[in-house]
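K.L.:
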Amino acid sequence: MKYDLIHIQGKPYVLVPLHEYRTLQSQPRGEETNLPATLIDQLYAGQDNPIKTIRKYRGMTQTDLARASGVSRPYLAEIETGRKQGSLNALKLLAAALQVPLGLLAGEESL
1 MKYDLIHIQG
11 KPYVLVPLHE
21 YRTLQSQPRG
31 EETNLPATLI
41 DQLYAGQDNP
51 IKTIRKYRGM
61 TQTDLARASG
71 VSRPYLAEIE
81 TGRKQGSLNA
91 LKLLAAALQV
101 PLGLLAGEES
111 L
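Numbering (UniProt numbering), first residue to last: 1 to 111.
1) Return the first residue and the last residue of the beta strand (DSSP E) that Tyr13 is part of.
2) Mind the definition here: the region 14-26 touches the region 59-71 only if three or more C-beta pairs lie below 8 Å; say whether that holds.
3) Report all residues from its chain with a CB closer than 6 Å to the CB of Glu80; omit the five preceding and five following residues, and keep chain order.
4) Leaving out five residues before and five after Ala95 in sequence, what residues of the same chain have Cβ atoms less than 6 Å from its Cβ?
5) What's the C-alpha gap between Met60 and Val100?
6) Buried or exposed for Gly82, going by 16 or more other Cβ atoms inside 10 Å?
7) Excluding five sequence neighbours on each side, which residues of the same chain lie with their C-beta closer than 7 Å to the C-beta of Glu77?
8) In whole angstroms, give me the CA-to-CA distance for Leu98 and Gly70.
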């Protein structure tokens, strides 16, 4: 899609259709996923399940995360232990509850 570029008082602005703007506004921003570098390193090293790692960093129990996300605690436990991969919908709910992008939990290559 092509966007229009305009200048107002010497500053460039891009005109974006309203529905795209609203979509962008509803997406998590960087400050919501502001995680320490050591935690990011741990996630990418694959030392543990990313959901479990971030849940613990956030100070949440499985029960806390299950309630916040709407995913059952037994299903969450199966996802964290690797017995189940987790449905896309469940991962979206967990990502929202943990305030991280979906790709951080699922891995960009699996989306």
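Beta carbons are placed, not taken as given, at the ideal position from N, Cα and C, and that holds for glycine.
P.N.:
Looking at the atomic coordinates:
1) Here residue 13 refers to the residue found at position 13 when the sequence shown is read from its first residue. Start and end: Lys11 to Leu15.
2) no
3) Start at 1 with the first residue of the sequence shown, and residue 80 comes out as number 80. Same-chain partners within the cutoff: Asn49, Ile51 and Lys52.
4) To locate residue 95, count along the sequence shown from 1; it is residue 95. Correct list, in chain order: Leu102 and Leu105.
5) Here residue 60 corresponds to residue number 60 of the sequence shown, with the count starting at 1. Here residue 100 corresponds to residue number 100 of the sequence shown, with the count starting at 1. Computed Cα separation, rounded: 14 Å.
6) By 1-based counting over the sequence shown, the position of residue 82 is 82. So Gly82 ends up on the exposed side.
7) Translated into the one-based positions of the sequence shown, residue 77 becomes position 77. According to the sequence displayed, residue 77 carries Ala and not Glu. Contacts found: Gln62.
8) Working through the sequence shown from its first residue, we reach residue 98 at position 98. Working through the sequence shown from its first residue, we reach residue 70 at position 70. Taking the straight line from one Cα to the other gives about 12 Å.
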